[in-house]
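Worksheet: one structure, shown below.
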Amino acid sequence: MIKSPSSLLSPAPTFVNVFYVSPDYSKKHAHMLHKHKDTLELLYIAEGTGRYQVGECEYVVEAGNLIICNTDILHGEAPFQEHEMTTYCLAFTNVQEQNMPANTLLPESALPILTLSASSRRLLSELMISIYHFVCQKDTNLTEIYSQLALGAFRLVEHLVQTHQSHQTAVARKQETLVRHITDYLNHHYTETLTLKRISRDLFISETYLSHLFKRKTGISPIQYIIQRRIGEAQSLLSETDMQISEIEEHLGFGSSTHFTIMFKKYVGIAPREYRKFFLSSAQHQSNKNS
Numbered sequence: 051m052i053k054s055p056s057s058l059l060s061p062a063p064t065f066v067n068v069f070y071v072s073p074d075y076s077k078k079h080a081h082m083l084h085k086h087k088d089t090l091e092l093l094y095i096a097e098g099t100g101r102y103q104v105g106e107c108e109y110v111v112e113a114g115n116l117i118i119c120n121t122d123i124l125h126g127e128a129p130f131q132e133h134e135m136t137t138y139c140l141a142f143t144n145v146q147e148q149n150m151p152a153n154t155l156l157p158e159s160a161l162p163i164l165t166l167s168a169s170s171r172r173l174l175s176e177l178m179i180s181i182y183h184f185v186c187q188k189d190t191n192l193t194e195i196y197s198q199l200a201l202g203a204f205r206l207v208e209h210l211v212q213t214h215q216s217h218q219t220a221v222a223r224k225q226e227t228l229v230r231h232i233t234d235y236l237n238h239h240y241t242e243t244l245t246l247k248r249i250s251r252d253l254f255i256s257e258t259y260l261s262h263l264f265k266r267k268t269g270i271s272p273i274q275y276i277i278q279r280r281i282g283e284a285q286s287l288l289s290e291t292d293m294q295i296s297e298i299e300e301h302l303g304f305g306s307s308t309h310f311t312i313m314f315k316k317y318v319g320i321a322p323r324e325y326r327k328f329f330l331s332s333a334q335h336q337s338n339k340n341s
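FYI, my numbering numbers position 52 of the sequence shown as 102, with every residue one higher than the one before it.
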């Protein structure tokens with residue numbers, strides 16, 4: 051007799067919905083940072099590559115990756131990056147894992163990205179596609195079928211998480227903690243004059259190891275991350291405040307207006323002045339439309 055895993059004795063979660071995003075839609079409409087209350091999301095990358103942020107960390111993701119987004123944690127596609135992915139997302143509520151907060155599948159310290167084996171990838175993909183197919187038919191007679199399929203997908207992911215955690219080495223855990231520590235530091239100091247030498251000195255990590263580890267885990271170098279944070283903040287200040295462009299450049303530590311303009315244009319595609327003008331004209335158009 052096969053003994054059921056203890057996790058199967060826990061209350062079954064409630065399936066909320068399934069979402070599908072095509073490569074074309076993904077390329078044109080990145081889903082920026084957001085979070086959900088009382089909902090756990092399982093995002094499967096069926097095809098393509100991109101960059102995805104969960105909490106404070108940004109990850110390079112590709113076909114065969116599963117992203118686990120616990121309730122109330124920020125997640126979304128990284129800004130300023132090209133995305134062209136086919137994705138399926140299952141949303142659940144009433145998730146209650148042993149010794150875990152409600153609607154949480156992973157501890158906060160765990161890596162939220164799983165790389166699936168060929169067999170797990172094939173099985174989860176078939177489940178996701180079937181669930182989406184049945185839900186789209188909007189036939190109440192199929193509710194029980196797709197709900198059970200969704201539960202099966204959840205139990206599979208639950209098993210994969212348990213297996214992954216049991217095999218994750220102490221070194222891997224230490225590296226993930228270190229990357230989060232580096233990211234926290236960069237988020238607190240990105241407006242300052244930062245060099246790799248200063249970062250390594252302040253964090254007591256060698257420059258080579260710091261640079262290699264951060265890029266391997268996030269896909270970009272620490273300096274590139276700083277630039278992207280500055281550009282993102284500049285976008286907000288340009289569109290939401292009346293700060294002079296020279297003040298924004300100085301506030302964010304670009305050093306010169308020329309450098310600011312070059313970097314902004316490189317990542318956004320237009321100059322800061324044109325970016326602000328676009329948002330002002332859009333706001334004016336919306337105001338006229340509503341009046």
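All C-beta atoms in this analysis are idealised placements derived from N, C-alpha and C, irrespective of residue type, glycine included.
All values derive from a computational prediction rather than experimental measurement.
{"Asked": "How close, in whole Å, do the beta carbons of F65 and S197 come, if the pair is a contact with beta carbons under 8 Å?", "Found": "5 Å"}
{"Asked": "Compute the Euclidean distance between the alpha carbons of T193 and E242, then round it to the nearest angstrom.", "Found": "55 Å"}
{"Asked": "Name the two residues that bound the continuous beta strand (DSSP E) containing F254.", "Found": "Element bounds for F254: n/a, residue is neither H nor E."}
{"Asked": "Does DSSP classify L302 as helix, strand or coil?", "Found": "coil"}
{"Asked": "Check M51 in the structure and name its three-state DSSP category.", "Found": "Bear in mind that the predicted position of M51 carries a pLDDT of just 39, short of 50, making it unreliable; the figure below should be weighed with that in mind. DSSP places M51 in coil when its eight states are reduced to three."}
{"Asked": "Q366 to L124, Cα distance in whole Å?", "Found": "There is simply no residue 366 to check, as the chain begins at 51 and stops at 341 in what is shown."}
{"Asked": "Less than 7 Å between C-beta atoms, sequence neighbours within five positions excluded: which residues of the same chain meet that for R171?", "Found": "G114"}
{"Asked": "If you pair each beta-carbon of the region 241-261 with each one of the region 293-308, do three or more pairs fall below 8 Å?", "Found": "yes"}
{"Asked": "So what does DSSP say about H125, is it helix, strand or coil?", "Found": "strand"}
{"Asked": "Going by the beta-carbon positions, is the gap between I117 and P157 smaller than 9 Å?", "Found": "no"}
{"Asked": "Since A344 is in the alpha helix (DSSP H), which residue starts that stretch and which ends it?", "Found": "Since the first residue of the chain shown is 51 and the last is 341, residue 344 is not available in this structure."}
{"Asked": "Rounded to whole angstroms, what is the Cα-Cα separation between K85 and T121?", "Found": "7 Å"}
{"Asked": "Ordered along the chain, which non-local residues of its own chain (more than five positions away) have a Cβ less than 6 Å from that of V68?", "Found": "L140, I181, Y182, V185"}
{"Asked": "Got a sec? Which residues, its chain only, sit under 7 Å from Y75 by beta carbon, not counting five neighbours each side?", "Found": "none"}
{"Asked": "Given a cut-off of 9 Å on the beta-carbon distance, is the pair I195 and T136 in contact?", "Found": "no"}
{"Asked": "For I281, count neighbouring C-beta atoms within 10 Å of its own C-beta (all shown protein chains included) and say buried if the count is 16 or more, exposed if not.", "Found": "buried"}
{"Asked": "Write down the C-beta distance between N237 and R266 rounded to the nearest angstrom, noting that I regard them as a contact closer than 8 Å.", "Found": "Incorrect: roughly 19 Å between the Cβ atoms, too far for contact."}
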